[in-house]
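2 protein chains.
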Amino acid sequence: MKKGILFASLVGILFTLGSADSAKRPNISPLPDKPPEPKDNPSTPVKVELGKLLYFDPRLSGDGSTSCATCHDPNQGWAKKRFMSPAYPENKHFRHSPTVLNAAYNTLMFWDGRAKSLEEQAKGPIKSPFEMNLNYDLLEERLKKIPKYRELFSRAFPGEKNPVNIENVVKAIAAFERTIVCNDSPFDLYMKGDKKAMDEVQVKGMELFVGKAGCVQCHNGPNFTDNKFHVTGVPKNRVEDETLVRVTRNFVLREHGFKDPDKIDRDLGRYFITKDERDKGSFKTPTLRNVSLTPPYMHNGVFKSLREVVEFYNQGGGNVPNKDPLLKPLNLSEEEKEALVAFLEALTCNTVPQVEEPELPNYEGETAKGGG
Amino acid sequence: MKKGILFASLVGILFTLGSADSAKRPNISPLPDKPPEPKDNPSTPVKVELGKLLYFDPRLSGDGSTSCATCHDPNQGWAKKRFMSPAYPENKHFRHSPTVLNAAYNTLMFWDGRAKSLEEQAKGPIKSPFEMNLNYDLLEERLKKIPKYRELFSRAFPGEKNPVNIENVVKAIAAFERTIVCNDSPFDLYMKGDKKAMDEVQVKGMELFVGKAGCVQCHNGPNFTDNKFHVTGVPKNRVEDETLVRVTRNFVLREHGFKDPDKIDRDLGRYFITKDERDKGSFKTPTLRNVSLTPPYMHNGVFKSLREVVEFYNQGGGNVPNKDPLLKPLNLSEEEKEALVAFLEALTCNTVPQVEEPELPNYEGETAKGGG
Chain Y
0 MKKGILFASL
10 VGILFTLGSA
20 DSAKRPNISP
30 LPDKPPEPKD
40 NPSTPVKVEL
50 GKLLYFDPRL
60 SGDGSTSCAT
70 CHDPNQGWAK
80 KRFMSPAYPE
90 NKHFRHSPTV
100 LNAAYNTLMF
110 WDGRAKSLEE
120 QAKGPIKSPF
130 EMNLNYDLLE
140 ERLKKIPKYR
150 ELFSRAFPGE
160 KNPVNIENVV
170 KAIAAFERTI
180 VCNDSPFDLY
190 MKGDKKAMDE
200 VQVKGMELFV
210 GKAGCVQCHN
220 GPNFTDNKFH
230 VTGVPKNRVE
240 DETLVRVTRN
250 FVLREHGFKD
260 PDKIDRDLGR
270 YFITKDERDK
280 GSFKTPTLRN
290 VSLTPPYMHN
300 GVFKSLREVV
310 EFYNQGGGNV
320 PNKDPLLKPL
330 NLSEEEKEAL
340 VAFLEALTCN
350 TVPQVEEPEL
360 PNYEGETAKG
370 GG
Chain V
0 MKKGILFASL
10 VGILFTLGSA
20 DSAKRPNISP
30 LPDKPPEPKD
40 NPSTPVKVEL
50 GKLLYFDPRL
60 SGDGSTSCAT
70 CHDPNQGWAK
80 KRFMSPAYPE
90 NKHFRHSPTV
100 LNAAYNTLMF
110 WDGRAKSLEE
120 QAKGPIKSPF
130 EMNLNYDLLE
140 ERLKKIPKYR
150 ELFSRAFPGE
160 KNPVNIENVV
170 KAIAAFERTI
180 VCNDSPFDLY
190 MKGDKKAMDE
200 VQVKGMELFV
210 GKAGCVQCHN
220 GPNFTDNKFH
230 VTGVPKNRVE
240 DETLVRVTRN
250 FVLREHGFKD
260 PDKIDRDLGR
270 YFITKDERDK
280 GSFKTPTLRN
290 VSLTPPYMHN
300 GVFKSLREVV
310 EFYNQGGGNV
320 PNKDPLLKPL
330 NLSEEEKEAL
340 VAFLEALTCN
350 TVPQVEEPEL
360 PNYEGETAKG
370 GG
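Protein sequence lines, in the order shown, are assigned to chains Y and V.
With numbering that gives the first Met the number 0, letter number 89 in the first sequence gets 88, and the count goes up by one each step, no holes.
With numbering that gives the first Met the number 0, letter number 316 in the second sequence gets 315, and the count goes up by one each step, no holes.
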């Protein structure tokens, strides 16, 4: 399959573009109401209830400081409004937090796509020494001493002899995350027939999105991502050179088998996983749904606004030798840029899932949640 | 070799006891001025300097909260005056901190003797998820970004291409710990000929120690330990039943292969390592040097004072089926108990090593030590 061009396999509303050849078949459309779920992890209300508690529980981190919600914050578009993701204390992260909102529709997780499911994704940060830094066995022993969790795991995973285990922890979290979806943006309403849901500028932006600007070449499919990787030449963010940011990136490089990580002076994304030269600096296409809620942008948060992102692509992306050939200067007018931003803003749901931090269950014989 | 009875191999001043048979050869004596050091880790001033910084550096823990000194505190007899050792945040430890003072003379480390050198010992807590909880690779990447450490590792381990590594971290810490020794207690001075160094009561206590009370059966050798394990039936400390204490003990049991740790309701010490029924509840004989500085006592800190310890042994120890047969009721008078305590207090050095917390070196380009 040609790089960067997706033949959408999902049923959707197809745009026919005057200028598009037959290879360009945009498939931007409303999402299915329910995201897919793996056969071995069917959602149930009790599993979702358990997953919600675990999602907010900082006892899933070594020192009780960090929960899933720390970096994927319900009050910040289920992401985090800062360059780099928060990190475990004494560390600095080297990548920006992707949103959990509608992540259930993605087929690859993390900026480098190293996980294929929400379940697999959730296992990573729990163990990562600079994210949540908790040994799985210690996690299990902790959770077993919280009566409410014992009860919920038994009910969520009936018939299992030892239901309190890491595999079920991440299954429950993934089941909860599959409820963090929305599909009622002005764009969705428009596509479902309410032609007043988007204004003229937004409609113009949509036409540019699938046409002249070519955004849809990568941001294709109902979740506005092709779930593939592209080299766009995103510039370095100055914070990437901070010492502690280098430390975590170097650590990750070592774990991936790079012997001299300090020689690699920028984040090369997918390449760290595949070690394929062509992947140097390639990152997963992120969803654009609700994108207005989750500044800053790109894997390193280098762009503060959608306007900056549009400017970047208008220039044809950055200046790297292996850049995706799809990227070329766009010659957009100011009006066109504004229209594109207006369309991107029309991808924000009217009803983003609002979840309040739940009251967490106590340890046996303890009145406060913590230990310490 | 008969359990609990040691034929001292070191040169020392031998007491000849009227009542002792030939198997009882007490060997309590001044310590050699310098503790032994492994062939592959000779001490040098720069290695000790580096080890001192590392000993006090909380960046050797995952979240920057905990250093070696947190649990082995120079201001608390190089141990900690609380039942259980401090733990990593959100955890509670299940054993009392042993002292680092004169640990350099021991041949086994930890209450369960699972390490054979100071080097091996130091590696344990750094990685332990409820002690310092730091991944070795992340530790190395951190230390490499601290210029002063790069310099000191290069000087302490000359000729090595990548001297900043976990093996050298623990070598340096061990070299520092080999300087945390003392040998000028009233007892030492007395044994070297200053007969006024101990008073009459203390001398009486020493006679009881090697004689009627039989303490020397286990607390033998210049460091007042046989470096062996004994079952004495120490009673449970109520804090051992606290939920978070159970969590860490259960975790350790799991790591040692016990499938159902909650079925084991007390700390069985050496048995956790050997799984030999005879070792159930056996713990390493601790040194008695400087013992007056390190209350509370026993692996679980259950006894608050030396007097309580003496009372415990006067009763013949605790009530467990596999108790060491050497333990029998002693029928000590009140005066004799006081004399024993007075002798134990005479084991406190006049000049305990005083070390002030050093100023820690900064990360590259950072003015404060921390990251966060």
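Just so you know, even glycine gets a beta-carbon here, dropped at the ideal spot from N, CA and C.
A quick note: this is a predicted structure, and the numbers were derived from the prediction, not measured.
Residue-level contact to chain V via CB, residue i, 9 Å cutoff
i, result
"Y/Glu372", "The structure shown does not extend to residue 372 of chain Y, since chain Y is modelled only from 0 through 371, so no value can be given for it."
"Y/Pro260", "yes"
"Y/Arg58", "yes"
"Y/Asn132", "yes"
Residue i (DSSP reduced to helix, strand or coil)
i, result
"Y/Asp20", "For Y/Asp20, the predicted structure reports a pLDDT of 41, less than 50, and the residue's modelled location is therefore unreliable. A value from the coordinates is still provided. Coil, per DSSP."
"V/Gly268", "strand"
"Y/Ala68", "helix"
"Y/Phe82", "coil"
"V/Phe311", "helix"
"Y/Val163", "coil"
"Y/Ser153", "helix"
"Y/Lys144", "coil"
"V/Ser281", "strand"
"V/Tyr189", "helix"
"V/Met108", "strand"
"Y/Ala114", "strand"
"V/Pro135", "Looking at the sequence itself, residue 135 of chain V is Tyr, so the reference to Pro does not match. Helix, per DSSP."
"Y/Phe257", "coil"
"Y/Val251", "helix"
"V/Val230", "strand"
"Y/Tyr54", "helix"
"V/Phe342", "helix"
"Y/Phe302", "strand"
Proximity test, Cβ basis, 9 Å: residue i and chain Y
i, result
"V/Gly123", "no"
"V/Val215", "no"
"V/Thr247", "yes"
Inter-residue CB distance, residue i and residue j (contact presumed, cutoff 8 Å)
i, j, result
"Y/Asn222", "Y/Leu30", "6 Å"
"Y/Val230", "Y/Asp323", "5 Å"
"V/Leu329", "V/Ala212", "6 Å"
"V/Asn40", "V/Lys170", "5 Å"
"Y/Lys144", "V/Val246", "5 Å"
"Y/Arg177", "Y/Ala103", "4 Å"
"V/Ile165", "V/Glu139", "6 Å"
"Y/Lys147", "Y/Val354", "The pair is not a contact, with the Cβ atoms about 18 Å apart (cut-off 8 Å)."
"V/Ser291", "V/Met190", "Not a contact, Cβ separation roughly 18 Å."
"Y/Tyr54", "Y/Ser66", "7 Å"
Chain-ordered chain Y contacts of residue i [CB-CB under 7 Å]
i, result
"V/Phe250", "Asp136, Leu137, Glu140"
"V/Phe129", "Leu137"
Proximal residues of chain V, C-beta to C-beta of residue i below 9 Å
i, result
"Y/Ser64", "Asp62, Pro88, Glu89"
Contact list for residue i against chain V, beta-carbon separation under 8 Å
i, result
"Y/Thr242", "Lys144, Tyr362, Glu363, Gly364, Glu365, Gly370"
"Y/Glu254", "Asp136"
Residue i CB to nearest heavy atom of the ligand MN below 8 Å
i, result
"Y/Tyr54", "Here there are no bound small molecules, and the ligand MN is not part of this structure."
Local Cβ density within 10 Å of residue i, reported as buried at 16 or more and exposed below that
i, result
"Y/Gln120", "buried"
"Y/Gly204", "buried"
"V/Asn299", "buried"
"Y/Gly364", "exposed"
"V/Arg237", "exposed"
"Y/Thr350", "exposed"
"Y/Gly158", "exposed"
"Y/Asp198", "exposed"
"Y/Ser127", "buried"
"V/Asn318", "exposed"
"Y/Ser304", "exposed"
"V/Val10", "Note that V/Val10 has pLDDT 26, beneath the 50 cutoff, so the model's placement of it is unreliable and the number below is only indicative. Flag for V/Val10 reads exposed."
"Y/Gly256", "exposed"
Residue i at chain A interface by Cβ criterion, 9 Å
i, result
"Y/Leu59", "Going by chain labels, chain A is absent from the structure shown, which instead holds the protein chains Y and V."
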